[in-house]
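Asker: Quick note on the numbering used here: the sequence shown kicks off at 681 and runs consecutively. Yeah, the Cβ is synthetic: ideal placement off N, Cα and C, and Gly gets one too. Bear in mind the structure is a predicted one, so any value in this text is a computation, not a measurement. The structure follows.
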Amino acid sequence: MKKISLTGIKPTGTPHLGNYLGAIRPALELTKNYDTVYFIADYHALTTVHDGAEMHDNIHKVAATWLAMGLDPEKGLFYKQSDIPEIFELSWALSCFTPKGFMNRAHAYKAKVEANRAENLDLDTNINMGLYCYPCLMDADILMFGADVVPVGKDQKQHVEFARDVAIRFNKQMNKDVFTIPEPLIQESTDVIPGLDGRKMSKSYDNTIEIFLESKALKKKLGKIVTNSQGIEEPKDPDSCNVFKLFKLFATEDECADLAAKYRAGGMGWGYAKGELQRVLERTFGDAREKYFDLMAHPERIDEILCAGAEKARPVAKARLEQVREVIGVGKIV
Ligand code: TRP
681 MKKISLTGIK
691 PTGTPHLGNY
701 LGAIRPALEL
711 TKNYDTVYFI
721 ADYHALTTVH
731 DGAEMHDNIH
741 KVAATWLAMG
751 LDPEKGLFYK
761 QSDIPEIFEL
771 SWALSCFTPK
781 GFMNRAHAYK
791 AKVEANRAEN
801 LDLDTNINMG
811 LYCYPCLMDA
821 DILMFGADVV
831 PVGKDQKQHV
841 EFARDVAIRF
851 NKQMNKDVFT
861 IPEPLIQEST
871 DVIPGLDGRK
881 MSKSYDNTIE
891 IFLESKALKK
901 KLGKIVTNSQ
911 GIEEPKDPDS
921 CNVFKLFKLF
931 ATEDECADLA
941 AKYRAGGMGW
951 GYAKGELQRV
961 LERTFGDARE
971 KYFDLMAHPE
981 RIDEILCAGA
991 EKARPVAKAR
1001 LEQVREVIGV
1011 GKIV
């Protein structure tokens, strides 16, 4: 039997190159050797997105991105988290095996507390219980489907480690191997994807390049990548340049050597380098972009796929939940 790879993407905005390189591409590569469970973590997004229309739109964008990039919904499981109510029951059960101290130490929560402290605010300001309990829901996501590996960016490593720990605790305390012990599969490269300003590409820095931009919008976006003020004639250093760093992630080795040589030789302006970046991005995403816009124009198709995915995933979730319910002594689902 193949091992299981599972990951979720939070629908909090329009998917960008950082999401693609850090989560989508590595997850899709794993479809070759693993059974896959990929889902849209909408109830995780609810910790921050409190606008129904925006949530609805974000869900479609993330789903269309996965599908456009080649996820085959017939193979493996592909669903939206909120369609599997069993996950939320499991989340509660697992929270009863989770030391509160774990949650106090969770990075995302801690970062908010520290931000409040820095601003001399009450430490609980703008922290809802969803944010505090976020890791418990993630444990349920992961353990429900027996994930062996969880491909995630570095920032999510701690969460997967919580899931590991809780699975071990549960199995030990209940004296039964109910849960598979998952392992994080970390994308080392995720922290080197520079955004427009050179900092890590992230929605919170407002420096993202969305995956599916029309050519004109893409050109405008790439125009905003920060470069130094060297003139055309001056020789330039490719390795410290944000444009080149991004180019490298999508170009062949030969193309990289070529462009690097042009940087060093001088006589090349930033407009040319950005044009080269645009060329490799269009090559990488051109076909998928058409699929994406086609799906976005027919959201009912996306809904249909997600609905079929939930139908396929729920029996799996139900079986695991039955097992958990039996072990903890509350009995079968009536
Ligand atoms: N917390 C993850 C993120 O912000 C999204 C997520 C939710 C997830 N549930 C998951 C990732 C389960 C992996 C496994 O990126």
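Compute the distance between the beta-carbons of residue 982 and residue 740, then report whether it is under 8 angstroms.
Answerer: Their beta carbons are under 8 angstroms apart, which means residue 982 touches residue 740 by this criterion.
Asker: Using only CA atoms, which one of 853, 852, 847 and 874 lies nearest to residue 862?
Answerer: That would be 847, whose Cα lies nearest to the Cα of residue 862.
Asker: Quick check on DSSP: helix, strand or coil for residue 1008?
Answerer: Here residue 1008 sits in helix by DSSP.
Asker: With a threshold of 16 other CB atoms inside 10 Å of the CB of residue 929, please say whether the residue is buried or exposed.
Answerer: The residue is buried, with at least 16 neighbouring Cβ atoms inside 10 Å.
Asker: Residue 787: beta carbon under 7 angstroms from a heavy atom of the ligand PLP?
Answerer: The ligand PLP is not among the ligands present in this structure, which contains only the ligand TRP.
Asker: So, with DSSP's three-state summary, where would you put residue 885?
Answerer: Helix, per DSSP.
Asker: Measure the alpha-carbon distance for residue 795 versus residue 837 and round it to whole angstroms.
Answerer: Straight-line Cα distance between these residues: approximately 21 angstroms.
Asker: Inspect the beta-carbon positions of residue 997 and residue 854 and report whether they are closer than 8 angstroms.
Answerer: Not a contact, by the Cβ cut-off of 8 angstroms.
Asker: List the endpoints of the continuous alpha helix (DSSP H) containing residue 853.
Answerer: 837-853 is the extent of the alpha helix (DSSP H) around residue 853.
Asker: Whole angstroms is fine: what's the gap from residue 684's alpha carbon to residue 923's?
Answerer: The straight-line gap from Cα to Cα measures roughly 36 angstroms.
Asker: Kindly list the residues whose CB is nearer than 7 angstroms to the CB of residue 710, restricted to its own chain and excluding five residues on each side of it in sequence; keep chain order.
Answerer: Closer than 7 angstroms at Cβ, skipping near neighbours: 685, 716 and 831.
Asker: Taking all protein chains shown into account, decide if residue 839 is buried (16 or more other Cβ within 10 angstroms of its Cβ) or exposed.
Answerer: Under this definition residue 839 is a buried residue.
Asker: Check the C-beta distance from residue 698 over to residue 881 and give it rounded, since I have them as a contact under 8 angstroms.
Answerer: So it is a contact: roughly 4 angstroms between Cβ atoms.
Asker: Considering only C-alpha positions, which residue in the set 813, 803 and 770 is nearest to residue 781?
Answerer: For the residues 813, 803 and 770, the minimum Cα distance to residue 781 belongs to 813.
Asker: So what's residue 1027 in DSSP terms, helix, strand or just coil?
Answerer: Because the chain spans 681 through 1014 in this model, residue 1027 falls outside it and cannot be assessed.
Asker: Taking residue 1001 and residue 770 to be in contact with their CB atoms under 8 angstroms, please state how far apart those CB atoms are, rounded to whole angstroms.
Answerer: The pair is a contact, with the Cβ atoms about 6 angstroms apart (cut-off 8 angstroms).
Asker: Which residue marks the beginning of the beta strand (DSSP E) containing residue 877, and which one marks its end?
Answerer: Neither: residue 877 is in no beta strand (DSSP E) and is coded neither H nor E.
Asker: Hey, is residue 1054 close to the ligand TRP, as in C-beta under 7 angstroms from one of its heavy atoms?
Answerer: Since the first and last residues shown for the chain are 681 and 1014, residue 1054 lies out of range.
Asker: Can you tell me the Cα-Cα spacing of residue 718 and residue 726, whole angstroms?
Answerer: About 18 angstroms.
Asker: Return yes when at least one heavy atom of the ligand TRP lies under 7 angstroms from the C-beta of residue 690, else no.
Answerer: Yes, since a heavy atom of the ligand TRP falls inside the 7 angstroms radius drawn around the Cβ of residue 690.
Asker: Please give me, in chain order, every unbroken run of the beta strand (DSSP E) with length at least 3 that falls completely inside the region 940-969.
Answerer: Taking only runs of at least 3 residues, no beta strand (DSSP E) segment lies wholly in the region 940-969.
Asker: Are residue 1038 and residue 931 closer than 8 angstroms when you measure CB to CB?
Answerer: A question about residue 1038 goes unanswered here, because the residues of the chain that appear run from 681 up to 1014.
Asker: Just to confirm the assignment, what range does the alpha helix (DSSP H) spanning residue 745 have?
Answerer: Run containing residue 745: 732-748, per the alpha helix (DSSP H) assignment.
Asker: With distances taken Cα to Cα, identify the nearest neighbour of residue 744 among 937, 1013 and 693.
Answerer: Checked all of 937, 1013 and 693; the closest Cα to residue 744 is 693.
Asker: Please say whether residue 724 and residue 760 have beta carbons closer to each other than 8 angstroms?
Answerer: Going by C-beta atoms, residue 760 is not nearer than 8 angstroms to residue 724.
Asker: If you follow the alpha helix (DSSP H) that residue 895 is in, where does it begin and where does it stop?
Answerer: Looking at the DSSP string, the run of the alpha helix (DSSP H) that includes residue 895 is 895-903.
Asker: Report buried or exposed for residue 948, applying the criterion of at least 16 other Cβ atoms within 10 angstroms of its Cβ.
Answerer: Buried, since its Cβ has 16 or more Cβ neighbours within 10 Å.
Asker: For residue 686, report the span of its beta strand (DSSP E) as first-last.
Answerer: It spans 684-689 - the beta strand (DSSP E) in which residue 686 sits, taken as one unbroken run.
Asker: Output yes or no for whether 8 angstroms exceeds the beta carbon distance between residue 977 and residue 764.
Answerer: Going by C-beta atoms, residue 977 is not nearer than 8 angstroms to residue 764.
Asker: Can you say whether residue 874 is buried or exposed, counting buried as having 16 or more other CB atoms within 10 angstroms of its CB?
Answerer: Buried: at least 16 other Cβ atoms inside 10 Å.
Asker: Assuming residue 1008 contacts residue 773 under a Cβ cut-off of 8 angstroms, what Cβ separation, rounded to an integer in Å, is found between them?
Answerer: Their Cβ separation, rounded to whole angstroms, is 6 angstroms, which keeps residue 1008 and residue 773 in contact under 8 angstroms.
Asker: Would the beta-carbon of residue 774 be found less than 7 angstroms away from any heavy atom of the ligand TRP?
Answerer: The answer is no for residue 774.
Asker: Considering Cα atoms alone, identify which of 682, 790, 943 and 703 is closest to residue 713.
Answerer: Considering only alpha carbons, the answer is 682.
Asker: How far does the beta strand (DSSP E) with residue 833 in it reach, from first residue to last?
Answerer: Here the beta strand (DSSP E) through residue 833 covers 829-833.
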